[in-house]
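> Following this message is one structure expressed as structure tokens.
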Amino acid sequence: MLHLLNSNILLLLITFNNLEIILGYNNIVIIPAGASNIEVLQYGHENTLDDNYLALMGSDHQYLLNGNYMISMFPKSIQYAGSLIDYSGSHTIYEKINATKRLEDDLYVQVLTVGSLHPPEVTYEYTISVHEKAIYRWRLEESWSPCNSICQGEQYRKAVCVDRTTSKTVNDGLCHEHERPAHEAKVCNLECFLRWRVNVLKSCSSTCGRGIITNEIQCIQQMNTGEVKILQHQGCIHIEPRPSEMEECVGPCRTKDWKYGVWSQCSATCGGGQQYRKALCIGDGTVELSDSECKNESKVTEQTCATEACPFWKPDKWTDCSSSCGSGHRRRLVLCFYKGNSAPRNLCNESEIPTVIEACPQLPPCPQWKAGEWEQCSVTCGSGIRKRQVTCKENNTPVSPEKCDELSKPRQVDTCKLPLCTVKSNSHQDVIENMVPAPLPDEEEAEPVHSSSTEWKTGNWSSCSATCGEGLMYRQVICHQLSTQRVLPDRKCSRHQKPTRTRACRLPACGRWTTGKWSECSVTCGSGIQTRRVMCLSSDDRSPSDDLCDLNTKPKKEKGCHFSACPKQPPSQEIGDNNVEKEVTIYYWRTGLWGKCSQSCGGGIRRRQVACYDELGKHSQGCDMTQKPPDTSHCNTEPCPYWILGEWSQCSSTCGKGVQTRLVQCIDYKKAPLTKDRCILPMPDNMKRCKSTSCVNWVWTSWSTCSTSCGVGTQTRTTQCRRGRKVVSEKECDHVPKPTAEVKMCKRMKCAGYYWKKQKWSKCSSTCGKGFKTREVTCQTGSKTVDDKFCGHLRKPKERRKCHQYQCSLTWMATPWSECSQICGKGIQSRNATCHRVNAYKWINPDPIPRPNSSEVWCKMDDKPSITRGCNLGNCTENIWVVGEWSPCNVKCGTGRQRRRVYCHTPEGKRVSSARCDERLRPQRRRRCHERPCSPISCQDIQKRSNITYDGEQEIFVRGRYLKIYCAKMNTSHPQEYVTLIRGDQDNYSEVYNKRLTNPDTCPYGGSRYDACNCVTDESIGPGLTTFQRISINITSLVVFTQDWTFAQTHGLHPIPFGESGDCYSRTSCPQGRFSLSLLGTGFVVSPLTKWIADGNNPSSRIRWLERGQVIQGKCGGFCGRCAPDSLLGLMLEVAPP
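Every number in this note's numbering is 39 more than the matching position in the sequence shown, counting from 1.
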């Protein structure tokens, strides 16, 4: 009953009289935080003392009053949640609990029923403010949802919002969302599991090559007792992948041989190249098989070609130097030779041509003109001349002027100007200019030269400026004095008689014509045409353009082709009124045009239509199949374009950060440049960042704090001279003006205002599954924390939010309870609780996980089951219960039950009727028991159950999943389990490399293996190579027996264990020993607990985990060094998740 005392206070008066009570503690009500004036009364049955007692429990679920079956008979007071609670004691006809002050936390009220099951009569009342936020709370539903699967399903119960005062369900919006607890889940229908079963209806449809097997797919419900039921497909629809009703198969062929395609173009035109061709494994002459079906020894797909020597450049002798002193150059003729004779230049590689011109070595210095100091001017005022001595010197020794270059001779005479001259007279002073002309410097003391005594002299013509096509030739022309043989300026000789200095030259065309193969004839009968590709290429196979080649010698692109005449179709003949068809005697094949090639490079296939027609032009089946033209052919066999890389340039910046560039060019197999889109692989970087020594510069400091704590203030910043991050002297930045300090406005909160201050979120409360994060939110004014009510006008930020970690893969497992520690009276029962791993199929590993010392993931301590509890077999002065031994489990596999007898005995040990003992204290008589799975879990199970004595693949239940296991040694008493490696020995091998570098302190070839390395053979570590088809495992622990060689093949003297490798190659980190293991398709993965350990001298290893642990690849070595799985755990597997 609710009474509103005023607009703010609510009075609740409730009577509890529940007939459905149980022995022990029964919940009555949760009195919410904020309640006051509390009174709880419990009336004795029919106004007598009864066996019902009030009990109180705090919000931490710890008892405050009458807990743990300990009753307080006398009055007492309890301090709790800011209030004093008074209790009347239990030895009264009615018990009373009351408290006046406001509760700061929830209070749980219960009734303990320990004797006769008389329903208690409890009334309680309290007052609470209608503004209290804590009236509603979250509670998990009492009942679980239906199981979501008929086998291995889950049940849930979700959180609902309830009224604290009435415990009735209300709208979820009344509770705080961030306080909603996570849904609880538990597994159900564990007595069975679902799986797909495949029954073969029809065997392989082909007797040779690929065919189809037809399967019947059934959904199977398998009980743990071994019973099997067939369900509708919908029952297993969630199990992926669903087996296919049709699957491929390969029928056995009588004959298996290789059939070959045409040889590819040779990889080189001379000097030795390679040719390749495709090989197909053909069964019974017509059926294409996989390559593994044919013998590799007889397969020939590669051969050498073009073994003749390549054309080469042959240089002639050097010419004399162009100068006898100083610097000069010399030339030589370089010719292309092929088969001992001179050949056209375009046959040789232009990029390999030797140098044709070079500087002359070690020439003596040439004589040079040396000028002395200028003499004084010839006049004391006005304009005059000045002179100096110019002599020809060689090694500072004067020599004949003829040895120096006349054209470079410095001036010997020059003009000079002084202040103007002044003439004094009686009346005035005049300033006049000295008008005496000065001789020309070039003509001073020069002898006259007559044109009849000079002549032009010419040098030899230079080589052509171009190496092909049209160019220019040059020569030297100088003016020469006949009498003295001196070189004179050009103006001294007659310009009309001056010889020419340049002339044109013409060499063979720069390009060459190249042709492709002739296409097939356009017709199969009559006359047609064949075409081919004709292209002009430069000497370096670049820049295709017809302009570079001689059009007069261009090869033909088309030519005619002729076959026998095509058969003609005779007209139909009429005989009487009936048409009689002529008997057909001629059949022939017709071909269509070739289709587009399947690949643009690297070898593709093109197709065309080939059909049989008769002489009437109709489709027929009468053609000779041995004469049928091919309908497929190889095309575009040339290698695909690829990238070539140039050297990186120097850094663009001398300090600080810059860039480096390099040439990245797409070229074809002839090394001709192509556009970038022609290369298939992504373009490598042609630019990268580089960093030189740090630059010195002015750098801004951070902004200062605001000058005020509220309102509007200012912030400032200045500059510092820095080299990188280091502050240096400002003198080092003198080359750049120092920026002036900057100032900006800053706004703080309004003065004398209030605001919410948020702290950082905490870490998630759960390491896996759902959890929550919390943070502190306080009301602030300035830097002072005040009561939250001052920020009541503002929306308070969230203090709690959800978080979700990865799915939990750990669970607690508890053993059965021990027997009671006392045969009468109060005692204790105990049990062990251990943490275990759970896989994706909900299989629980029976081996417990020890508690880690570090922060590794472990089971949640909050979820740990209790490991002790109270027990009581009866009062020692009265009759007590006595228990017998538990019977064996009633099933041999799956989940069953155990029973035991429970007797009632007197204190003297005499057995009496069970009715004379307290039924409430009667111990448990039945309990569940769990035996091994009913499905076969080992090859020995298969052997015993099905009486199978032959080796082969069997379906075994491994850790919650059916997997294919190869059972070997089935005719012995100890069968062994093997995993068949679907990827075979190509991806499952172990190797110890037998090479050792002669210089072991290096790692050549970028760490890549090169068998022709500068190495010696080293047998000290026991080199070898072992490949594996199957591996042996312990079916219980899933540890691999790495040294089982039953289904392995060793190449060499020493077998290498599975998953190991090593070498004696190098002291540096340069491992060459390799191993690979691939569990793809087996249903297993390598356990994350498996670790590879490297040991030896200078060991190094590189382990790659691929395909989520299904593929492991490793390179290991040292000097000498090996790596292998950790010997403590070994190479451990795990069932692959779905």
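We put the CB at the ideal spot given by N, CA and C, even for glycine.
1) Give the DSSP-derived three-state secondary structure of Y92 in the structure shown.
2) Residue range of the beta strand (DSSP E) that C288 falls in?
3) If you check the beta carbons only, do G864 and N918 fall under 8 Å apart?
4) Among all the DSSP beta bridges, which residues are the ones paired with H944?
5) For L95, collect the residues of the same chain with a Cβ closer than 6 Å to its Cβ; drop the 5 residues on either side in sequence, then sort them by chain order.
6) Enumerate in chain order the residues of its own chain whose CB-to-CB distance from F113 is below 6 Å, with the five nearest sequence positions on each side excluded.
7) Return the CA-CA distance between E218 and K931, expressed in angstroms with no decimal places.
8) Quick check: the Cα distance between Q759 and V767, rounded to an integer number of angstroms?
9) Report the residue from L374, R551 and S1139 whose alpha carbon sits nearest the alpha carbon of C588.
10) Which residues in the same chain as I132 place their Cβ atom closer than 8 Å to its Cβ, once the five residues preceding and following it in sequence are excluded?
11) Would a check of beta-carbon distances place G379 closer than 8 Å to chain D?
12) Roughly how far, in whole angstroms, is the beta-carbon of S1029 from the beta-carbon of F1097, given that I think they are within contact range, below 8 Å?
13) Starting from the C-beta of W357, find all residues in its chain whose C-beta is less than 6 Å away, skip the five residues before and the five after it, and write them out in chain order.
14) Closer than 7 Å by C-beta to A548: which residues in its own chain qualify, once you throw out the five before and the five after it? Chain order, please.
15) Can you check whether the CB of E992 is closer than 8 Å to the CB of T1011?
16) Short of 7 Å in beta carbon distance, which residues of its chain neighbour D1026, apart from the five on each side in sequence? Order them along the chain.
17) In this structure, how does DSSP classify H875 when only helix, strand and coil are distinguished?
18) Who are the Cβ neighbours of Q1149 in its own chain at under 6 Å, not counting the five residues just before and after it?
19) Around the Cβ of D145, are there at least 16 other Cβ atoms within 10 angstroms (buried) or fewer (exposed)?
20) For P1164, list the residues DSSP reports as bridge partners.
21) Going by the CB atoms, is the gap between W628 and T553 shorter than 8 Å?
22) Tell me where the alpha helix (DSSP H) around S1117 begins and ends.
23) I need the DSSP call for N254, collapsed to helix, strand or coil.
24) Just reading off the beta strand (DSSP E) that D453 is part of, what are its end residues?
25) Note the first and the last residue of the continuous beta strand (DSSP E) segment covering R178.
26) Less than 6 Å between C-beta atoms, sequence neighbours within five positions excluded: which residues of the same chain meet that for N1073?
27) Which of the three DSSP states is assigned to E433 in this structure?
28) Taking DSSP as the reference, what is the three-state secondary structure of K841?
29) Spell out the partners DSSP gives R1000 in its beta bridges.
30) Helix, strand or coil for M664, going by three-state DSSP, please let me know.
31) How many angstroms separate the CA atom of Q407 from the CA atom of C431?
32) For M512, which of H519, S504 and C518 has the nearest alpha-carbon?
33) Return the CA-CA distance between P723 and P282, expressed in angstroms with no decimal places.
34) Please report the straight-line C-alpha distance between E143 and C214, rounded to a whole angstrom.
35) Would a C-beta distance cut-off of 8 Å place C973 and G1023 closer than the cut-off?
36) From L1170 to R1069, what distance separates their C-alpha atoms?
Reading it off the structure:
1) As a working mapping, residue 92 is identified with position 53 in the sequence shown. Y92: strand per DSSP, three-state reduction.
2) Sequence index remark: in the sequence shown, residue 288 carries index 249 (1-based). Taken as a continuous stretch (DSSP letters only), the beta strand (DSSP E) holding C288 covers M285 to G290.
3) Within the sequence shown, numbered from 1, the residue matching residue 864 stands at position 825. Within the sequence shown, numbered from 1, the residue matching residue 918 stands at position 879. Contact: no.
4) Walking along the sequence shown from the start, residue 944 turns up at place 905. Answer by DSSP bridge pairing, in chain order: I919 and R950.
5) In the sequence shown, residue 95 corresponds to position 56, counting from 1. Only L103 and L104 meet the Cβ criterion.
6) Here the question's residue 113 lines up with position 74 in the sequence shown. These residues qualify, in order along the chain: G128.
7) Looking up residue 218 in the sequence shown gives position 179. Looking up residue 931 in the sequence shown gives position 892. Answer to the nearest angstrom: the Cα atoms are 47 Å apart.
8) Numbered from its first residue, the sequence shown carries residue 759 at position 720. Numbered from its first residue, the sequence shown carries residue 767 at position 728. Going from the Cα of Q759 to the Cα of V767 covers about 8 Å.
9) Taking the first residue of the sequence shown as 1, we reach residue 588 at position 549. The shortest C-alpha separation from C588 is found at R551.
10) In the sequence shown, counting from the first residue as 1, residue 132 sits at position 93. Taken in chain order, the residues that qualify are Y82, G83, N86, T87 and L88.
11) Although the question refers to chain D, the structure presented lacks it and comprises just one protein chain.
12) As a first step, residue 1029 is located in the sequence shown; it is residue number 990 there, counting from the start. As a first step, residue 1097 is located in the sequence shown; it is residue number 1058 there, counting from the start. With a Cβ gap of about 6 Å, S1029 and F1097 count as contacting.
13) As a first step, residue 357 is located in the sequence shown; it is residue number 318 there, counting from the start. For W357, where only same-chain residues beyond five positions count, the Cβ hits under 6 Å are R369 and R371.
14) As a position in the sequence shown, residue 548 is number 509, starting the count at 1. Within the same chain, C507, G508, L587, C588 and D589 come within 7 Å of A548 by CB-CB distance, once the 5 residues on both sides are set aside.
15) For the purposes of this step, residue 1011 is taken as the residue at position 972 of the sequence shown. For the purposes of this step, residue 992 is taken as the residue at position 953 of the sequence shown. No, they are not a contact pair.
16) To locate residue 1026, count along the sequence shown from 1; it is residue 987. S1115 and S1117.
17) Counting from one through the sequence shown, the residue named residue 875 turns up at place 836. If DSSP states are grouped into helix, strand and coil, H875 belongs with the strands.
18) Here residue 1149 refers to the residue found at position 1110 when the sequence shown is read from its first residue. Same-chain partners within the cutoff: L1118, L1119 and V1124.
19) The residue labelled residue 145 in the question sits at position 106 within the sequence shown. D145 is buried by the Cβ-count criterion.
20) As a position in the sequence shown, residue 1164 is number 1125, starting the count at 1. Residue pairing by DSSP places P1164 opposite W1131 in a beta bridge.
21) Against the sequence shown, residue 553 aligns to sequence position 514. Against the sequence shown, residue 628 aligns to sequence position 589. No.
22) Position 1078 of the sequence shown, counted from the start, is the residue given in the question as residue 1117. Taken as a continuous stretch (DSSP letters only), S1117 belongs to no alpha helix (DSSP H), being part of the beta strand (DSSP E) at G1112 to S1117.
23) Stepping through the sequence shown from its first residue, residue 254 is reached at position 215. Correct three-state label for N254: strand.
24) The sequence position of residue 453 within the sequence shown is 414, counting from 1. Residues V452 to K456.
25) Here residue 178 refers to the residue found at position 139 of the sequence shown. Taken as a continuous stretch (DSSP letters only), the beta strand (DSSP E) holding R178 covers Y175 to L179.
26) Counting from one through the sequence shown, the residue named residue 1073 turns up at place 1034. Counting only Cβ-Cβ distances below 6 Å, and skipping sequence neighbours, we find nothing.
27) On the sequence shown, position 394 is the one that residue 433 refers to. Reduced to three states, the DSSP call for E433 is strand.
28) In the sequence shown, counting from the first residue as 1, residue 841 sits at position 802. Strand at K841.
29) Reading the sequence shown from its first residue, position 961 is the one you call residue 1000. By DSSP's assignment, R1000 forms a beta bridge with V997.
30) Within the sequence shown, residue 664 is the residue found at index 625, counting from 1. Here M664 sits in helix by DSSP.
31) Locating residue 407 in the sequence shown gives position 368, where the first residue counts as 1. Locating residue 431 in the sequence shown gives position 392, where the first residue counts as 1. Spanning the two alpha carbons is a distance of roughly 6 Å.
32) Residue mapping note: residue 512 aligns to position 473 of the sequence shown, counting from 1. Looking at the Cα atoms, S504 is the closest of the given residues.
33) One-based indexing of the sequence shown puts residue 723 at position 684. One-based indexing of the sequence shown puts residue 282 at position 243. When rounded, the distance between both Cα atoms is 44 Å.
34) What you label residue 143 is simply residue 104 of the sequence shown in a count that begins at 1. What you label residue 214 is simply residue 175 of the sequence shown in a count that begins at 1. Answer to the nearest angstrom: the Cα atoms are 19 Å apart.
35) Working through the sequence shown from its first residue, we reach residue 973 at position 934. Working through the sequence shown from its first residue, we reach residue 1023 at position 984. No, these two residues do not count as a Cβ contact at 8 Å.
36) Position 1131 of the sequence shown, counting from 1, holds the residue named residue 1170. Position 1030 of the sequence shown, counting from 1, holds the residue named residue 1069. Distance between the alpha carbons of L1170 and R1069: 15 Å.
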